[in-house]
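Quick note: the sequence shown uses our numbering, first residue 13, plus one each step.
The C-beta atom is built at its ideal place from N, Cα and C for all residues, glycine as well.
What follows is a single structure, written as structure tokens, with notes after it.
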Amino acid sequence: MNCSIVYSSRTGNTARLAGTLKDLLAQDHTCLYFGAPDARALQADLLFVGFWTDRGSCDQLLRDFLQTVHGKTVALFGTAGFGSDPAYFEQILGNVAACLPADNRLLPGFLCQGRMPQAVRERYEHQLEQDANDSRAKRMIENFDTALSHPSETDLQALGSWLGSLPLV
Ligand SMILES: Cc1cc2nc3c(=O)[nH]c(=O)nc-3n(C[C@H](O)[C@H](O)[C@H](O)COP(=O)(O)O)c2cc1C
């Protein structure tokens with residue numbers, strides 16, 4: 013089956029997943045388009061659509077693209093800064109899926125944690141300086157530090173397992 017890999021990535025995490033998918037798919041599928049949201053991606057019947065989590069959903073660029081997709085098989089993949097809660101991941105995937113018109117066939121999605129810019133940690137450090145008992149800021153710094161190693165090799169392996177589990181025919 014021919015496919016396209018469309019993704020939005022600000023700092024490279026989602027791009028890393030997209031590149032891994034491209035390599036994995038190369039054996040069995042012809043990739044007609046690889047890159048940023050673009051109508052050229054719609055030539056393919058199967059779309060892998062990658063996003064970075066922006067306030068609980070995908071960014072506007074990808075939202076606009078998803079709304080133009082009709083009659084395709086779509087698999088969503090992405091990265092999120094906050095990675096400790098599977099229910100949160102499901103919620104994000106649901107929010108992004110809601111941007112897709114109903115006449116598509118939506119496959120199960122994949123999400124893993126992705127590191128965040130240093131400025132995010134500095135913001136929480138500043139909050140902690142103001143109030144040393146700020147437990148939310150402490151949790152956010154812990155999460156930031158956990159996210160630093162993601163996407164990890166384990167995440168990329170999980171991406172491969174997810175790909176292998178998809179009913180692509
Ligand atoms: C403006 C902004 C909003 C974000 N909102 C969320 C969010 O709501 N939930 C979350 O888990 N991560 C959030 N993040 C973290 C990014 O989704 C995460 O670092 C992601 O891996 C970035 O992917 P990229 O490197 O492909 O751009 C946000 C990051 C930015 C810059």
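Between Asn116 and Val81, the C-beta gap is smaller than 8 Å, which places the two residues in contact. Secondary structure in the stretch 54 to 94: the alpha helix (DSSP H) runs of 4 residues or longer, each lying completely within the stretch, are 72 to 78 in chain order.
Where Ser173 is concerned, the enclosing alpha helix (DSSP H) starts and stops at Glu165 to Ser177. Between Asp71 and Ser20, the C-beta gap is smaller than 8 Å, which places the two residues in contact. In this structure, the alpha-carbon of Asn145 lies about 19 Å from that of Asp157. The DSSP-derived three-state label of Gln103 is helix. The criterion of a C-beta distance shorter than 8 Å is not satisfied by Leu119 and Thr65. With respect to Met13, Leu54 sits apart: the two C-beta atoms are not nearer than 8 Å.
Looking at the DSSP output, Leu118 sits in a beta bridge with Val86.
Proximity to Arg135 across Arg151, Gly31, Gly121 and Asn25 peaks at Arg151, based on C-alpha coordinates. Under a 10 Å Cβ-count criterion, Leu33 is classified as buried, with 16 or more other Cβ atoms of the shown protein chains found around its own Cβ.
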